[in-house]
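See below for the structure under consideration.
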Amino acid sequence: MNDKKLKWGILGAARVNERLLPAIIEAPNSQLVAIASRRAGAAKATLEKYAPCYTDSVACYDYMDALINDKNVEAVYCPMANEEHAEWAIKAINAGKHILIEKPMAITVADIERIEAAAKAKNVKVMEGFMYRFHPQHARIQEIVESGLIGDVLSARASYSFLMKAARMYRINRSMADGGGALWDIGPYAIHSLRWCFGLEPKSVIAHAKLNEHGADTAMSGVLDFGQDAEGRARFGHFDISFERSRKSEYEIIGTKGWVKCHAAWVFQNDVPVISWATEDGKYAEERFAPSNHFNLEIAHFSDCVLNDMAPLLTFEDAKANCKALEMALQAAAK
Ligand SMILES: NC(=O)c1ccc[n+]([C@@H]2O[C@H](COP(=O)([O-])OP(=O)(O)OC[C@H]3O[C@@H](n4cnc5c(N)ncnc54)[C@H](OP(=O)(O)O)[C@@H]3O)[C@@H](O)[C@H]2O)c1
-9 MNDKKLKWGI
1 LGAARVNERL
11 LPAIIEAPNS
21 QLVAIASRRA
31 GAAKATLEKY
41 APCYTDSVAC
51 YDYMDALIND
61 KNVEAVYCPM
71 ANEEHAEWAI
81 KAINAGKHIL
91 IEKPMAITVA
101 DIERIEAAAK
111 AKNVKVMEGF
121 MYRFHPQHAR
131 IQEIVESGLI
141 GDVLSARASY
151 SFLMKAARMY
161 RINRSMADGG
171 GALWDIGPYA
181 IHSLRWCFGL
191 EPKSVIAHAK
201 LNEHGADTAM
211 SGVLDFGQDA
221 EGRARFGHFD
231 ISFERSRKSE
241 YEIIGTKGWV
251 KCHAAWVFQN
261 DVPVISWATE
271 DGKYAEERFA
281 PSNHFNLEIA
291 HFSDCVLNDM
301 APLLTFEDAK
311 ANCKALEMAL
321 QAAAK
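Mapping the sequence shown onto our numbering, position 289 (from 1) lands on 279, and the numbers just tick up by one.
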């Protein structure tokens, strides 16, 4: 093992830094050295808000190139707006930085291919930021499914939502095609969890969306067709995402003998995560987990991958497949 700390820079004074900035500071193999924003003073204000003890040791920049060209920065965390990820990731990669890109990695498969080509050329690590995958509750669900307890998986449902506050309406001021709306914000979780439930890629997608005046979806619901199994049984994945209702981040897998459910994929550090399952022969259980911070685990994992030259858990193949399914949903909803 290597006891070196990876030196991180944050590209953007985004709201999600509330979670990721402390995670970079707290991960034992990571060190925050810089943060940048294009809004004057916003980087410094973010640091003062979430890590006031670090204002002397972390560089604050009012333009992004300063961070990208900072030789002290080894890895970048990119929480910029969805449609900006590809452009800025490629700039960071070309400057030799490893990069953790918030979900979605990009809003077209072609852009992810460009990121991948740049990363290969510069020999740097890149990962899409699906922090939820690092929470132990999902490994337990996988264990339950693989044990055969719920039989063959034939259906999955993913429901993700939160109420978009008035102050944050700038996030839905552009069309779905330009990266706005629920599809690119919470849709990546829904599609990612459905693909993971089946361990397959969808053959087709149908979707209905409610669009606002900018062409951004404020709610979308749809079905992913994962094809028939060897016995000719249908395998559908249902997703339901919305900015118009209360917070929900659950998925459920239904098999031939029972079901298993994750009650909250967006679990906070001090929450007690719960999964439940039931079988046709009358068994029912709720399982509770010790609190665990998936943001810290995600950062520690990516630092470990860079420091010890390991492949990140979440691959380019996964990012491209997720984006392809999101593009299919977008096209279906646009019809
Ligand atoms: N993993 C998670 O749990 C999680 C949660 C939420 C979001 N996300 C992802 O993280 C990324 C950022 O999401 P977010 O909700 O944190 O976005 P956000 O607050 O809207 O910030 C996105 C970018 O917009 C700029 N910005 C921030 N506040 C602004 C404001 N008041 N007016 C104008 N521009 C502003 C910032 O760039 P400048 O500093 O350069 O201006 C920032 O990098 C997205 O890709 C999203 O999908 C992930």
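Beta carbons are placed, not taken as given, at the ideal position from N, Cα and C, and that holds for glycine.
- Under the DSSP assignment, Leu22 falls in the beta strand (DSSP E) whose first and last residues are 20 to 26.
- Listed in chain order, the non-local C-beta contacts of Phe233 below 6 Å within the same chain comprise Met154, Ala172, Thr208, local neighbours out to five positions each way being set aside.
- Closest in C-alpha terms to Ser27, from the list Pro18, Leu37, Lys247, comes Leu37.
- Counting every other CB atom within 10 Å of its CB across the protein chains shown gives Glu276 a total below 16, marking it as exposed.
- Counted as a single uninterrupted DSSP element, the alpha helix (DSSP H) harbouring Phe188 occupies residues 177 to 188.
- For Glu16, the closest alpha carbon among the candidates Tyr40, Ala4, Pro263 is that of Tyr40.
- For Asn113, the closest of Ala129, Ala65, Asp271, Ala96 by C-alpha to C-alpha distance is Ala65.
- Distances from the alpha-carbon of Arg225 to those of Glu191, Arg235, Ala323 put Glu191 closest.
- Here DSSP, grouped into helix, strand and coil, assigns Phe226 to strand.
- Ligand 1 never approaches Pro42 closely enough for any of its heavy atoms to be under 7 Å from the residue's Cβ.
- Approximately 6 Å separates the beta-carbon atoms of Ser282 and Pro126; this is inside 8 Å, confirming the contact.
- If you look at Met318, you'll find it in the alpha helix (DSSP H) that goes 306 to 324.
- Taking all protein chains shown into account, Asp(-7) has fewer than 16 neighbouring C-beta atoms within 10 Å of its C-beta and is therefore exposed.
- Not one heavy atom of ligand 1 falls within 7 Å of the beta-carbon of Tyr51.
- For Trp267, the enclosing beta strand (DSSP E) stretches over residues 264 to 269.
- Relative to Tyr150, the option among Val262, Asp230, Ala111, Leu57 whose CA is nearest is Asp230.
- Residue range 274 to 278 is occupied by the beta strand (DSSP E) that includes Tyr274.
- The continuous beta strand (DSSP E) containing Ser211 extends over residues 207 to 215.
- Here Met117 carries a strand assignment [DSSP, helix/strand/coil].
- Taking C-alpha positions only, Lys81 is separated from Lys193 by approximately 34 Å.
- In this structure, Arg185 sits near Ala311, with a CB-CB distance shorter than 8 Å.
- Counting C-beta pairs with one atom in each stretch, the region 208 to 217 and the region 117 to 124 have fewer than three that are closer than 8 Å, which means they do not touch.
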